[in-house]
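*Asks:* Starting off with a structure, shown below.
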Amino acid sequence: MTGIREPVARWSTSFVRSALAALMLAAAGAALWQTPAISAEAAVVIPPPAMDEEPAGGTEKAVFAGGCFWGVQGVFQHVRGVTSAVSGYAGGGKDTAVYETVGTGRTGHAEAVEITYEPTEVTYGQLLQVYFSVAHNPTQLNYQGPDRGPQYRSTIFAESDAQKKIAESYIAQLDKAKVFPEPIVTTLETGKPFYPAEDYHQDFLTLNPTYPYIVYNDLPKVENLKTLFPDLYSEKPVLVLAANKS
């Protein structure tokens with residue numbers, strides 16, 4: 135794995151590459167929760183999707199991949215109407231849905247987040263708007279920030295034909311509007327099961343707010359969500375481990 139994002143005792147060989155910059159920002163610690171810090175991935179103001187789902191009762195699922203799942207999960211755990219956001223793997227088989235194996239970049243998996251949401255509170259289109267605007271940079275091919283490899287690709291794992299159509303329409307809309315300096319490289323994959331990641335990856339952003347990788351790469355994403363989408367922002371995150379213990 136690349137970048138400075140491994141849990142304690144799981145450091146990557148490329149730790150040094152990003153350590154100095156991250157540690158300088160980490161000196162402020164948890165105080166950065168209150169400051170819109172400069173991160174590796176800047177948020178982009180984008181229009182809402184022209185095509186969206188019709189809100190219905192009950193819950194639905196969405197699966198997004200956009201680099202390290204710590205930050206993607208952390209962002210969507212703060213979105214109003216999201217009842218669960220679980221870090222995991224999608225794109226490959228069950229036997230290879232293991233952190234160290236996925237890290238080889240040869241499994242077909244991407245680090246992904248499965249989001250359970252209430253469409254009457256937040257629509258699929260609104261989730262996509264957060265995904266493209268705040269959660270990651272959709273113009274980076276097979277990498278995000280310091281993390282390199284196909285396991286960090288930008289991918290939407292559509293759960294239905296309707297989701298696929300909405301995502302395709304939105305990508306075309308954003309590319310036509312040229313809201314990003316480069317074309318969107320996000321891919322669409324269907325029929326790919328989601329497999330939850332190991333417990334030590336769940337709720338990582340919330341549990342480790344002073345961890346260097348989180349401070350530099352991910353806390354600013356949560357702050358950007360709060361700034362750009364105040365009507366969708368929820369101060370209290372929906373945590374996986376807390377739900378499992380209840």
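Using the numbering used here, read the sequence shown as starting at 135 and increasing by one per residue. Glycine is no exception: its CB is placed at the ideal position from the N, C-alpha and C atoms. Treat the numbers as computed from the prediction; the structure is a model and nothing was measured.
1) Can you look up Ile286 in the DSSP assignment and give me helix, strand or coil?
2) Tell me whether the beta-carbon of Ala177 lies closer than 9 Å to the beta-carbon of Ser267.
3) Measure the C-alpha to C-alpha separation of Leu262 and Ala301 and round it to an integer number of angstroms.
4) Determine, using beta carbons only, whether Gly222 and Glu245 come nearer to each other than 9 Å.
5) Going by DSSP, what residue range makes up the beta strand (DSSP E) through Ile249?
6) Consult DSSP for Val216 and reduce its assignment to one of helix, strand or coil.
7) Pick from Val197, Lys298, Val264, Arg282: whose alpha carbon is nearest that of Pro364?
8) Indicate whether Pro181 and Leu366 have their beta-carbon atoms separated by less than 9 Å.
9) Using only alpha-carbon positions, find the residue among Thr254, Phe328, Lys326, Tyr304 that is nearest to Pro317.
10) Determine the burial state of Glu357: buried for a count of at least 16 other Cβ atoms within 10 Å of its Cβ, exposed for fewer.
11) With DSSP as the reference, label Leu366 as helix, strand or coil.
12) Under a Cβ-count criterion, where at least 16 other Cβ atoms within 10 Å of its own Cβ denotes burial, should Glu248 be classed as buried or exposed?
13) Rounded to whole angstroms, what's the CA-CA distance from Lys326 to Ala224? Just pull it up for me.
14) Restricting to Cα atoms, I'd like to know which of Pro272, Val349, Gly200, Pro253 is closest to Thr217.
15) Beta carbon of Val236, beta carbon of Gln285: below 9 Å?
*Replies:* Looking at the coordinates:
1) As a position in the sequence shown, residue 286 is number 152, starting the count at 1. First, the residue type needs correcting, since residue 286 is Tyr and not Ile in the sequence shown. Three-state DSSP puts Tyr286 in a helix.
2) In the sequence shown, residue 177 corresponds to position 43, counting from 1. In the sequence shown, residue 267 corresponds to position 133, counting from 1. In contact: Ala177 and Ser267 (Cβ atoms closer than 9 Å).
3) If you number the sequence shown from 1, residue 262 lands on position 128. If you number the sequence shown from 1, residue 301 lands on position 167. Take the alpha-carbon of Leu262 and the one of Ala301: they are about 7 Å apart.
4) Position 88 of the sequence shown, counting from 1, holds the residue named residue 222. Position 111 of the sequence shown, counting from 1, holds the residue named residue 245. It is a contact, given that the beta carbons lie within the stated cut-off.
5) Walking along the sequence shown from the start, residue 249 turns up at place 115. Looking at the DSSP string, the run of the beta strand (DSSP E) that includes Ile249 is 244 to 251.
6) One-based indexing of the sequence shown puts residue 216 at position 82. In the three-state scheme derived from DSSP, where H, G and I count as helix and E and B as strand, Val216 is classed as strand.
7) Counting from 1 along the sequence shown, the entry for residue 364 is found at position 230. Considering only Val197, Lys298, Val264, Arg282, the residue with the shortest C-alpha distance to Pro364 is Val264.
8) Residue numbering aside, residue 181 sits at position 47 when the sequence shown is read from its first letter. Residue numbering aside, residue 366 sits at position 232 when the sequence shown is read from its first letter. Taking 9 Å as the Cβ cut-off, Pro181 and Leu366 do not qualify as a contacting pair.
9) The count along the sequence shown starts at 1 and reaches residue 317 at position 183. Across the set Thr254, Phe328, Lys326, Tyr304, the C-alpha of Tyr304 shows the shortest separation from the C-alpha of Pro317.
10) Numbered from its first residue, the sequence shown carries residue 357 at position 223. With 16 or more Cβ atoms within 10 Å of its Cβ, Glu357 is classed as buried.
11) Residue 366 sits at position 232 when you count from the first residue of the sequence shown. In this structure, Leu366 counts as coil in the three-state DSSP scheme.
12) Looking up residue 248 in the sequence shown gives position 114. Glu248 counts as buried, since no fewer than 16 other beta carbons sit within 10 angstroms of its beta carbon.
13) In the sequence shown, residue 326 corresponds to position 192, counting from 1. In the sequence shown, residue 224 corresponds to position 90, counting from 1. CA-CA distance, Lys326 to Ala224, rounds to 6 Å.
14) Taking the sequence shown and counting its residues from 1, one reaches residue 217 at position 83. It is Pro253 whose Cα lies nearest to the Cα of Thr217.
15) Working through the sequence shown from its first residue, we reach residue 236 at position 102. Working through the sequence shown from its first residue, we reach residue 285 at position 151. With respect to the 9 Å criterion, Val236 and Gln285 are classified as neighbours on the basis of their beta carbons.
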